[in-house]
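A.B. asks: Provided herewith is a single structure, encoded as C-alpha cells, for subsequent inquiry.
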Amino acid sequence: MKKILFIFIIFLGCFIKTENALIIGHRGAKGHVAENTLASIKKAIELGADGIEIDVFRCLSGEIVVFHDSNLSKLTDGTGLIEKKTLKELKQLKVLGTQEQIPTLLEVFELIDENVFLNIELKGSNTAKGSLEIVKNELSNNKALHKNILFSSFNWDELRELRKLDSEIKIALITKKDPLLAIGPALSLNASAINPSHKTLNKQNTSAIHKAGLKIYTWTVNTKDQFTKMKRLGIHGIITDFPERR
Numbered sequence: 373m374k375k376i377l378f379i380f381i382i383f384l385g386c387f388i389k390t391e392n393a394l395i396i397g398h399r400g401a402k403g404h405v406a407e408n409t410l411a412s413i414k415k416a417i418e419l420g421a422d423g424i425e426i427d428v429f430r431c432l433s434g435e436i437v438v439f440h441d442s443n444l445s446k447l448t449d450g451t452g453l454i455e456k457k458t459l460k461e462l463k464q465l466k467v468l469g470t471q472e473q474i475p476t477l478l479e480v481f482e483l484i485d486e487n488v489f490l491n492i493e494l495k496g497s498n499t500a501k502g503s504l505e506i507v508k509n510e511l512s513n514n515k516a517l518h519k520n521i522l523f524s525s526f527n528w529d530e531l532r533e534l535r536k537l538d539s540e541i542k543i544a545l546i547t548k549k550d551p552l553l554a555i556g557p558a559l560s561l562n563a564s565a566i567n568p569s570h571k572t573l574n575k576q577n578t579s580a581i582h583k584a585g586l587k588i589y590t591w592t593v594n595t596k597d598q599f600t601k602m603k604r605l606g607i608h609g610i611i612t613d614f615p616e617r618r
C-alpha cells in the first residue's frame, strides 16, 4: 500500500509540473502564421497559448515595432535595415506571403488582455527606454498587467540599461550557452528568470537555476519528446512555434 501511495505521489508531482508550465507562442504562432504579426498573435491565443513571445526594434522615427530581423528583406517585400526606416515607411510594407503589416508594440497591447503573458525580447539597440515607456503607460491603466510582462534579451547591456530605468520590471537573460554562466549576471541585475535554449538544459543545471531563485523560460520547444523533457524538468515557461502542442 505504501509503495502504491509513493508511486501515486511521484505521478502527481509530475502532473502538477506539466500543468504549471506556461505555453508561450514563439513570435505568435510561428508554425502556422507569419511570425510577429497581429494575425500570428491572434492565432496563438486561439490555439490556447498562455503567453506570447515577440521581438522588438526601435525604428528611425522612434516607435517600437515588432520584428525579428535587423534587415527587412527576408521577411517583407522591403529592403534595408529596420532601424533606418520610419514607421510610415514600415507601414507601407507587407510581411511576405500575407497582407499583414509590421505591428507596433502598442498595437500588440491593444490586441491582448491582462491574462496573456507577454515576453518582450529586446532585439535592437536603444529599445529599452521606448519599450519600457509603453509598458509603463499600459500599467498605469491596468496594474494587473505587471505580473504578466517579462523583458528579455541576448544583449545583456540592454537589460542593464532597462534595470537602470526601472528597478522592479521583470527581466530575463537569454543565452544559448551554458545557462549556469548566466546565473551570476542574472542575480546582479535582480532578474527573475533565465531564458536558455532547451538543448542546454538538464536536471543538474535546472536545479541550480531554481535554487538561485530564478525561473526558466526555454526555447524553442516543438516536438513531443522536447515538451515531455522540459515538463519533467519543471520548466516555468515553454516557448514554442506550435502552442497547441502541450
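Residue numbers (the numbering used here): 373 to 618.
Using N, Cα and C, we set each Cβ at its ideal position, and we do this for glycine too.
Since this is a predicted model, take the numbers as computed values, not measurements.
1) Identify whether Asp550 lies in helix, strand or coil by the three-state DSSP scheme.
2) Relative to the C-alpha of Gly496, which residue among Asn527, His518, Thr476 is closest?
3) Taking the C-alpha atoms as reference points, what is the distance between Ser503 and Asn520?
4) Just checking, does the stretch 422-429 make contact with the stretch 443-451 on the three C-beta pairs under 8 Å criterion?
5) Going by DSSP, what residue range makes up the beta strand (DSSP E) through Asn491?
6) Taking Asp613 as the reference, give the member of Lys414, Thr592, Asp597, Met602 with the closest Cα.
7) Count the other CB atoms within 10 Å of the CB of Thr409; is the residue buried (16 or more) or exposed (fewer)?
8) From Asp597 to Glu616, what distance separates their C-alpha atoms?
9) Looking only at its chain, what residues have a beta carbon closer than 7 Å to the beta carbon of Thr451, apart from the 5 residues adjacent to it on each side?
10) Starting from the Cα of Phe489, find the closest Cα among His518, Leu478, Glu435, Asn509 and give me that residue.
11) Taking the alpha-carbon positions, what's the Phe387 to Leu605 distance?
12) Would you list the one or two residues that DSSP bridges to Lys587?
13) So which of Leu586, Glu540, Ser525 has the shortest CA-CA distance to Ile555?
14) Determine the burial state of Gly469: buried for a count of at least 16 other Cβ atoms within 10 Å of its Cβ, exposed for fewer.
15) Taking Ser433 as the reference, which of Lys571, Thr476, His582 has the closest Cα?
16) Starting from Asn443, follow its DSSP beta bridges and name the residues at the other end.
17) According to DSSP, is Val438 helix, strand or coil?
C.D. replies: The relevant details are as follows:
1) coil
2) Asn527
3) 15 Å
4) no
5) 489-494
6) Thr592
7) buried
8) 15 Å
9) Leu444, Ser445
10) His518
11) Unreliable placement is indicated for Phe387, whose pLDDT of 41 sits below 50; no coordinate value is reported for it.
12) Ala565
13) Leu586
14) exposed
15) Thr476
16) Leu453
17) strand
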